Amino acid sequence: MTSVCRSEALRFWKRLGCTSLTFNAPMSGHTGPELAPELERHGVGMVILGGYPGDDATYRASKLVARRRDEFAVPPDRLPEELSRVDVEIPVAVNVRFADPREAGELSGELADLVDVVEINAHCRQPEIVRAGAGEALLEDRTRLIEIVEAVAEHDVYVSVKLRGPHPAFEDALEALRDSSVDVLHVDAMKPGEPTYELEYVRAAARVGVPVIGNNSVRTPEDVDRMFEAGASAVSVGRPILEGDWDVLERLVRYTVLRKSSEGAGLART
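So for the sequence shown, the working numbering puts the first residue at 783; every next one is plus one.
#1: Could you tell me the alpha carbon to alpha carbon distance between Met-828 and Asp-970, rounded to whole angstroms?
#2: Quick one: what's Asn-806 bridged to in DSSP?
#3: Give every residue of the same chain whose Cβ lies closer than 6 angstroms to the Cβ of Pro-974, excluding the five residues on either side of it in the sequence, and list them in chain order.
#4: Can you give the Cα-Cα distance for Asp-965 and Ala-791, rounded to whole angstroms?
#5: With the cut-off set at 9 angstroms, would you say Val-1035 and Pro-1022 are in Cβ contact?
#6: Under the DSSP definition of a beta bridge, which residues are partnered with Val-966?
#7: Whose C-alpha, out of Asp-1007, Ala-904, Ala-986, Gly-891, is nearest the C-alpha of Glu-957?
#8: For the alpha helix (DSSP H) containing Pro-857, name the first residue and the last one.
#9: Ignore the nearest five residues each way along the sequence and tell me which others in Val-847's own chain have a CB closer than 6 angstroms to its CB.
#10: Leaving aside the five residues before and after Glu-864 along the sequence, list all residues of the same chain whose C-beta is less than 7 angstroms from its C-beta, in chain order.
#11: Following the continuous alpha helix (DSSP H) through Thr-1004, name the residue where it begins and the one where it ends.
#12: Just to confirm the assignment, what range does the beta strand (DSSP E) spanning Ala-904 have?
#13: By Cβ distance below 7 angstroms, which residues in the same chain neighbour Asn-998 in space, the five residues on each side in sequence not counted?
#14: Reducing DSSP to helix, strand and coil, say where Pro-993 ends up.
#15: Cβ atoms of Ser-890 and Ala-955: under 9 angstroms apart, would you say?
#16: Would you list the one or two residues that DSSP bridges to Met-972?
#17: Determine the contact status of Leu-981 and Leu-959, defining contact as a CB-CB distance below 9 angstroms.
#18: Count the other C-beta atoms from every protein chain shown that fall within 10 angstroms of the C-beta of Asp-859, then say buried if there are 16 or more, exposed otherwise.
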């Protein structure tokens, strides 16, 4: 499969209902229903909530993680109720840590009326989450990763997978995802040991042939341009939101506003 063409990716985001190609990054313990309206006010094209535990194993692990940091230790059977409190008009995605394909399918069926995108968390590196078989563990257990993707895809939601580029199994996971039902790849392109991104991770993800969200250290329009040139069609922002630096977010939102449907695929600034 070859890289998805840019116009096709832009049409995907427009069909979803995004008005900008800047989204928030999911940050467990922070990006919950209460923050969603504020993110919408600042113009993000899609709210990405989570990450939340999606099954018994990840719920137990999340409770352990919550002892030392902010965390969404919400029981999976309460997640639909949690997400029912989201009050925004823009598309909503939820990042979920799944270890069990059967439970992933069951929960996604309950979430289908509440969100537009279920994002499978294959990027979390918290030891408790990895030991539970979720997060980065899925990059190494590609069979189970694909089983989870297909279980989620049985329901009326788009399927995203968020991956961590620096992981040794990153490219093997991308290869496994090529023939799966994944709709979006969300790439943490962190460059190890440096406060910036490695664009090769984005390029590799773009070759899978689905829209790519570029994440990590995106703070300026120039960063957006580099991500887009590497093959991303949207970006997500995390740290500026944690820091309350809404000016950074709004600048990127304005830079990535999509044209109205009548004007065809493309950015309003082009």
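Note that beta-carbon positions come from the ideal geometry of N, C-alpha and C, so glycine has one too.
For clarity, every value in this text was computed on a predicted model and none was experimentally measured.
Straight from the coordinates:
#1: When rounded, the separation of the alpha-carbon atoms in Met-828 and Asp-970 is 17 angstroms.
#2: Asn-806 has Val-1019 as its beta-bridge partners, per DSSP.
#3: Hits under 6 angstroms: Pro-948.
#4: Taking the straight line joining both Cα atoms gives about 10 angstroms.
#5: No, these two residues do not count as a Cβ contact at 9 angstroms.
#6: The partner list for Val-966 (beta bridge, DSSP) reads Ser-942.
#7: Glu-957 has its Cα closest to that of Ala-986, out of Asp-1007, Ala-904, Ala-986, Gly-891.
#8: In the DSSP annotation of this structure, Pro-857 is not part of any alpha helix (DSSP H), being labelled neither H nor E.
#9: Excluding its 5 nearest sequence neighbours in each direction, Val-847 has C-beta neighbours in its own chain below 6 angstroms: Glu-853, Gln-908, Glu-910, listed in chain order.
#10: Taking Glu-864 as the centre and dropping the five residues before and after it, the same chain places the C-beta of Pro-815, Val-856 closer than 7 angstroms to its C-beta, in chain order.
#11: For the sequence presented, residue 1004 should be read as Glu rather than Thr. Where Glu-1004 is concerned, the enclosing alpha helix (DSSP H) stretches over 1003-1012.
#12: First-last of the beta strand (DSSP E) with Ala-904: 899-904.
#13: Within the same chain, and ignoring the five residues on either side of Asn-998 in sequence, the residues whose Cβ sits closer than 7 angstroms to its Cβ are Asp-970, Ala-971, Met-972, Tyr-979.
#14: Per DSSP, reduced to three states, the secondary structure at Pro-993 is coil, with no helix or strand assignment.
#15: Between Ala-955 and Ser-890, the CB-CB gap reaches or exceeds 9 angstroms.
#16: Answer by DSSP bridge pairing, in chain order: Tyr-979.
#17: Cβ atoms of Leu-981 and Leu-959: not closer than 9 angstroms.
#18: By the neighbour-count rule (16 or more Cβ atoms within 10 Å), Asp-859 is not buried but exposed.
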